[in-house]
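Student:
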Amino acid sequence: MEVRVLGCGDAFGSGGRFNTCFHVTTPATRFLIDCGASALIAMRRFGVEPNAIQTVFLTHLHGDHFGGLPFLILDAQLVSRRTAPLTIVGPSTLRERLAALMEAMFPGSSTVERRFDLRLIELEPEMPTEVDGVTVTAFPVRHPSGAPSYALRLACEGRTLCYTGDTEWVDALYPAGREVDLLIAEAYTAERPVRYHLDWATLRKHLPAMTAKSVLLTHMGPDMLNRIPEGCTAAEDGGVILL
1 MEVRVLGCGD
11 AFGSGGRFNT
21 CFHVTTPATR
31 FLIDCGASAL
41 IAMRRFGVEP
51 NAIQTVFLTH
61 LHGDHFGGLP
71 FLILDAQLVS
81 RRTAPLTIVG
91 PSTLRERLAA
101 LMEAMFPGSS
111 TVERRFDLRL
121 IELEPEMPTE
131 VDGVTVTAFP
141 VRHPSGAPSY
151 ALRLACEGRT
161 LCYTGDTEWV
171 DALYPAGREV
181 DLLIAEAYTA
191 ERPVRYHLDW
201 ATLRKHLPAM
211 TAKSVLLTHM
221 GPDMLNRIPE
231 GCTAAEDGGV
241 ILL
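This is how it looks when you write it as structure tokens:
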């Protein structure tokens with residue numbers, strides 16, 4: 001399994017980084033975890049073929065995590081000439097929120113006839129769901145977004161990874177990240193608590209009990225960008241992790 005960081009920035013472009021997006025490749029499938037507003041730009045920069053992506057898994061419905069979907073869908077229709085189905089998996093209200101987003105950005109785009117099937121799946125919390133060869137389990141977290149916000153645990157071809165999404169600490173992160181091959185964790189600030197976000201000091205206290213095999217820190221704000229956390233890797237746009 002290869003995990004390529006297409007974006008590891010916060011919502012405000014700290015450090016000039018792209019919005020959240022991770023591209024995962026296995027011998028059988030390719031998928032995204034989140035699709036922030038800059039995702040398609042990052043795909044072009046780092047040589048990722050949009051038409052090869054089978055599935056997009058969403059942690060929550062904020063613009064820096066799902067705002068790239070209208071660009072991805074319209075590129076598939078108008079530029080990349082996609083014919084294979086595209087599946088988008090996310091929290092309840094995904095259908096309504098995606099349609100509203102597309103209409104706000106490109107009026108008429110949500111109802112246009114496409115050359116490919118667009119499949120939308122809304123997750124139920126803590127119910128493992130198999131989608132395109134990936135088993136995804138959503139764990140509720142604390143981050144208001146107009147819809148449920150989740151940490152996602154994904155298993156595929158003998159490898160497991162978890163992305164916390166945006167959240168302050170909740171105990172649901174224990175089962176979400178326990179013994180995964182890779183834990184992708186928000187570390188928005190170093191020590192200063194910010195409501196609905198994870199700081200590094202809090203995360204560090206809980207990591208031993210999570211027993212993740214490796215940890216990648218992401219969604220870092222200005223005071224985290226120049227730190228080198230012990231025992232973890234700080235994400236960089238374009239970086240690659242092999243599992």
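Per full-length UniProt numbering, the very first residue in the sequence shown carries number 1; after that it's consecutive.
Ideal placement from N, C-alpha and C gives every residue a C-beta, glycine not left out.
Where does residue 295 fall in DSSP's three states?
Tutor: The shown model of the chain, from 1 to 243, leaves out residue 295, and the question about it has no answer.
Student: For Arg153, does the three-state DSSP call read helix, strand or coil?
Tutor: The answer is strand: DSSP assigns Arg153 an E or B state.
Student: Identify every residue that forms a DSSP beta bridge with Glu186.
Tutor: Thr218
Student: Going by DSSP in three states, Phe116 sits in which element: helix, strand or coil?
Tutor: coil
Student: Given Asn51, which residues of its chain have a CB within under 6 angstroms of its CB, disregarding the five upstream and five downstream residues?
Tutor: Ser80 and Arg82
Student: Rounding to the nearest angstrom, what Cα-Cα distance links Leu198 and Tyr174 in this structure?
Tutor: 14 angstroms
Student: Using C-beta distances below 6 angstroms, list every residue in its chain close to Thr25, excluding the 5 sequence neighbours before and after it, in chain order.
Tutor: Glu2
Student: For Ile241 and Leu154, I'd like the C-alpha separation in whole angstroms.
Tutor: 16 angstroms
Student: Among Gly239, Asp166, Pro229 and Cys162, which has the Cα closest to the Cα of Ala212?
Tutor: Cys162
Student: Suppose the cutoff is 6 angstroms on Cβ atoms and the five residues either side in sequence are ignored; what does the same chain contact list for Ala160 look like?
Tutor: According to the sequence shown, residue 160 is Thr rather than Ala. Around Thr160: Val180 and Asp181.
Student: Three-state secondary structure (DSSP) at Phe46?
Tutor: The three-state secondary structure of Phe46, taken from DSSP, is helix.
Student: Within its chain, find whatever has a CB closer than 8 angstroms to the CB of Val134; leave out the 5 residues flanking it on each side and keep chain order.
Tutor: Thr29, Phe31, Thr55, Phe57, Leu154, Ala155 and Cys156
Student: Are the segment 38-53 and the segment 125-141 in contact at 8 angstroms, needing three or more beta carbon pairs?
Tutor: no
Student: Helix or strand or just coil, what does DSSP make of Ala84?
Tutor: coil
Student: Counting along the chain, where does the alpha helix (DSSP H) carrying His60 start and finish?
Tutor: Looking at the DSSP string, His60 is not in any alpha helix (DSSP H), and its letter there is neither H nor E.
Student: What would DSSP say about Leu173, mapped onto helix, strand or coil?
Tutor: helix
Student: Can you name the residues that DSSP bridges to Leu242?
Tutor: The partner list for Leu242 (beta bridge, DSSP) reads Glu2.
Student: My output table needs one value for Ile53: the three-state DSSP class, helix, strand or coil.
Tutor: coil
Student: Indicate the three-state DSSP secondary structure (helix, strand or coil) for Ala104 in the structure shown.
Tutor: The answer is helix: DSSP assigns Ala104 an H, G or I state.
Student: With distances taken Cα to Cα, identify the nearest neighbour of His143 among Leu120, Pro91 and Leu98.
Tutor: Put simply, of Leu120, Pro91 and Leu98 the residue whose alpha carbon is nearest the alpha carbon of His143 is Pro91.
Student: Based on the DSSP secondary-structure assignment, which residues constitute the bridge partners of Thr137?
Tutor: Arg153
Student: Do you know whose CA, among Met105, Gly146 and Ile73, lies nearest Phe116's CA?
Tutor: Ile73
Student: Only counting the same chain, and skipping five residues up and downstream in sequence, which positions put a Cβ closer than 7 angstroms to that of Asp75?
Tutor: Leu40 and Pro50
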